Structure formats: C-alpha cells, structure tokens
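In what follows, a single structure is set out as structure tokens and then discussed.
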Amino acid sequence: MTLDWPAARSPTLRCLPARERTKSEEETSMSTLNSDQFARIRTLGDIARVHATVRPDAVAMKFEGRTTTYRELDAHTNRVAHALLAAGISKDGRIGYLAKNTDCFFEILIGGAKCGAVTLPIGWRLAAAEIAYLLENGEVSLLFVGREFVALARQAIEISGQKVRVIELESDAPDGYTAWRDSGNDVDPAIAISPSGTALQLYTSGTTGRPKGVMLPPTMFAAGATIAEHIEKLAQSPFATVGGPHLIVGPLYHTGPLSGSRSIAGGTALVI
46 MTLDWPAARS PTLRCLPARE RTKSEEETSM STLNSDQFAR IRTLGDIARV
96 HATVRPDAVA MKFEGRTTTY RELDAHTNRV AHALLAAGIS KDGRIGYLAK
146 NTDCFFEILI GGAKCGAVTL PIGWRLAAAE IAYLLENGEV SLLFVGREFV
196 ALARQAIEIS GQKVRVIELE SDAPDGYTAW RDSGNDVDPA IAISPSGTAL
246 QLYTSGTTGR PKGVMLPPTM FAAGATIAEH IEKLAQSPFA TVGGPHLIVG
296 PLYHTGPLSG SRSIAGGTAL VI
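Spelled out as structure tokens, the structure:
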C-alpha cells in the first residue's frame, strides 16, 4: 500500500553537509567532550557524572518549563541512588515506572543505575491485570506512579499480591517523589557497576503469549559499544541533531523513544 500525501503536508528536510556547518553549530553540536572525556562515559551513571564535571551548567533536560542542568542531574540522581539504597533496593532490585513522560524518568533511570537497580517502565495503556503480571514477573518492590494512574496502580498491586511501595511523582506530600528523592544524599554513591549487568528491563508486547522481559545493560545507550564510540558515530550522521535539543514525542516505555534519548550522553538537551 502506498500513501500519497498532499504536497502541502510534505515537509522539506535538508541535512547540512559538514562543510556548511557554521562554527557556532560545531561548537554546540553533540561533540561537546573530547575523546578522553568521552572515554570516561561507560555506563548510564557516567553520563551525569562526566558532564557535571566538564560542563555543569549546560542544559540536560527541559520539561514543562522546568530546566535541569547536568550539575543538577548529577545531584538528583545521586539522591535517587541513596534513597533507593535506604529503601532496601540495591543491585538487581527492580523499580517500576508507571507514568507519562517526565524528567523524573531519567532521574530514576540514571539514579537507579548508579546503585545497580533495574528500572522497569510500564505501559500506562495496559489494564490492571496486565500491569499486575509485569509487577509479579519483574519482582517490582517500588513503583513510581503518575497522579492519574495511582488508582490503576493500586488495583494492579492488589491483583498481583506483591508487596509494592507506591511513590507518586507529582505529589508535594511528605511521601511524594520530590521529598523522597531529596531525602537522599547528593554525594555520589561510588558503587562499582559492571557494564555487563542490567539497568533496564523492557517488556515485549506479548502478541504470541505473555510479555517477556528483555534485560538491557548499563551501556544500553551505546548499543553494544561504549557510549563514547556510539556518540562519535552518531555525531557523524547527517541526521544527527546539530546545535539543538532532542524532542521526545513517544512514550518512554517503548524502545524507540527511549533509544532516541541516548543523545543526552553526548550532551544534547532532552525536551520531554
């Protein structure tokens, strides 16, 4: 089947050759670190660490008027890591995320990776029974939930029979996300993380049976190589963002939008 779009709807896309890029574009492109600095980025946690050291005031993320610098991202993810440890979650412990896209997702993902925890994003369009299966199969003990999905989450937890602590993301209450995160120390936990471990667990759609958990390593943004090698190749692509942010338009429980967000490793700001 061929789709014939009207000419008025067809955008004109033009990728500038390297020779046409201006000096300012080159200076603000994804090549924001030198090769030695890139080589220090081996895992998800290193993304926040290295950029916070080299370019702390650069923008890492923007979400609904809220801007987070790499300095803040590093501090927030350190706090998340310590708060997780205080909650009894450490290496290979599963934490769930049931919410629409927010900047909190990356704080949780990177903070979890710093202490060896595994983040399990859950599709918010799933029914309670389907979510219950993921909670049980993934052995989730802590679940971060968007305000509009709290009732759904509690129903799923009841069905699963799991003992799961719920932390509401948008809540300013003492047991809400911000207060929970800020209860942690902002000093790096300095926990050795193996590149061959697990940082993220995504589930298949389950079209041929039950959804299956796919475990991805802390180097997942590198697609099997080091993050430095991946970003170097990405920066050479004519489709790479030059001098601009990366807009995330799809749900982060899906591998496509999640993989696209890897540009943060190279210093490109994420707009969520």
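In this text, residue positions in the sequence shown follow the working numbering: the first is 46, and each later residue adds one. Just so it is clear, CB atoms sit at the ideal spot from N, CA and C, and this is done for glycine as well. Since the structure is predicted, the reported quantities are computational estimates derived from the model, not experimental observations.
Residue i classed as buried or exposed, judged by whether at least 16 other C-beta atoms fall within 10 angstroms
i: N79; result: exposed
i: S239; result: exposed
i: L292; result: exposed
i: V209; result: buried
i: D119; result: buried
i: R111; result: exposed
i: E117; result: buried
i: S241; result: exposed
Closer than 8 Å to chain C by CB, residue i
i: P263; result: Of the protein chains in the structure, only one exists, and it is not chain C.
Beta-carbon proximity of residue i to residue j, cut-off 8 Å
i: A105; j: T98; result: no
i: P263; j: T88; result: yes
i: I212; j: F194; result: no
i: L187; j: I236; result: no
i: Q310; j: I92; result: With the sequence shown as reference, residue 310 is identified as Ala, and Gln is not the correct amino acid for it. Contact flag set, yes.
i: Y248; j: L179; result: yes
i: R124; j: D231; result: yes
i: C149; j: L214; result: yes
i: Q200; j: A162; result: no
i: G251; j: H96; result: no
For residue i, the nearest candidate out of the options (CA to CA)
i: I167; options: A93, L129, L303 and T122; result: L303
i: T243; options: R111, I140 and R100; result: I140
i: V185; options: L129, K145 and G229; result: L129
i: G205; options: G295, A224 and E175; result: Sequence check: residue 205 is Ser here, not Gly. Comparing Cα-Cα distances from S205 to each of G295, A224 and E175, the minimum goes to E175.
i: I317; options: P296, G90 and I86; result: P296
i: D220; options: S250, T164 and A132; result: A132
i: K145; options: D137, W169 and T164; result: W169
i: R192; options: G229, Y222 and A173; result: Y222
i: Y115; options: E152, A158, G138 and K136; result: E152
i: K229; options: M260, G156, I202 and A177; result: Contrary to the premise, residue 229 reads as Gly rather than Lys in this sequence. The residue with the shortest Cα to Cα distance from G229 is G156.
Inter-residue CB distance, residue i and residue j (contact presumed, cutoff 8 Å)
i: L143; j: A198; result: 6 Å
i: G318; j: Q246; result: There is simply no residue 318 to check, as the chain begins at 46 and stops at 317 in what is shown.
i: A126; j: P290; result: With a Cβ gap of about 26 Å, A126 and P290 do not count as contacting.
i: L171; j: G183; result: The Cβ separation is near 13 Å, so there is no contact.
Residue i (DSSP reduced to helix, strand or coil)
i: T113; result: strand
i: S308; result: helix
i: Y142; result: strand
i: G258; result: strand
i: S205; result: helix
i: K159; result: helix
i: E213; result: strand
i: P302; result: helix
i: V316; result: strand
i: A105; result: strand
i: T98; result: helix
i: L297; result: coil
i: V232; result: coil
i: L89; result: helix
i: L292; result: strand
i: L154; result: helix
i: L180; result: helix
i: L187; result: strand
i: L171; result: coil
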